[in-house]
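Position one of the sequence shown corresponds to residue -5 (this note's numbering), numbered consecutively onward. Cβ coordinates follow ideal geometry from the N, Cα and C atoms, glycine included. All values derive from a computational prediction rather than experimental measurement.
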Amino acid sequence: MARKPQIILSSLDVDRIEALLAAIPASVFPGKADLQAELDRADVVPPEEIPPNVVTMNSTVQFSILETGKEFCLTLVYPRDADGTADRISIFAPVGSALLGLAVGDELAWPGPGGKSMTVRVKDILYQPESAGELHR
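Below, the structure written as structure tokens:
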């Protein structure tokens, strides 16, 4: 997929992620530059203006990895909340960084573990904090 889909991010998520990125060296988080580039190209809006079909932090997302055909249903969380349970994925994980800001139906090619590219497709959003009225989580 040559062209990246437009992404929409909440100003609250961007502020929190940028604070995390500022505090962590690239040697600890190899995907730092890629995630920052996504933040830089995003359409940033107030939390109350986020469309209900867009992946935000703490959203529960059904998605697939096209190269493997595997499907997952995970909640996108901040690193401190990635407690090792099978139903959460950190924003600092390659798939987590790829999911942020995508809308249902979007696909995005993203560097995976070991530098191998993977394509993520958002199939559904089962829960989104903004849609639930949780605008200041």
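Within its chain, find whatever has a CB closer than 7 Å to the CB of Q30; leave out the 5 residues flanking it on each side and keep chain order.
L15
I2 versus K26: straight-line alpha-carbon distance, rounded:
19 Å
Measuring only the C-alpha atoms, how far is A97 from D75?
23 Å
Which of the three DSSP states is assigned to R115 in this structure?
strand
Determine the contact status of L33 and I11, defining contact as a CB-CB distance below 8 Å.
yes
In whole angstroms, give me the CA-to-CA distance for T62 and A126.
32 Å
Three Cβ pairs or more, each shorter than 8 Å: is that satisfied between the stretch 48 to 62 and the stretch 83 to 98?
yes
Apart from the five residues on each side of it in sequence, which residues of its chain come closer than 6 Å, Cβ to Cβ, to S4?
P41, I44, T50
Please name the residue in E124, S91, I119, P123 whose C-alpha comes closest to that of M112.
S91
Could you please give me the residues that DSSP links to D176 through a beta bridge?
There is simply no residue 176 to check, as the chain begins at -5 and stops at 131 in what is shown.
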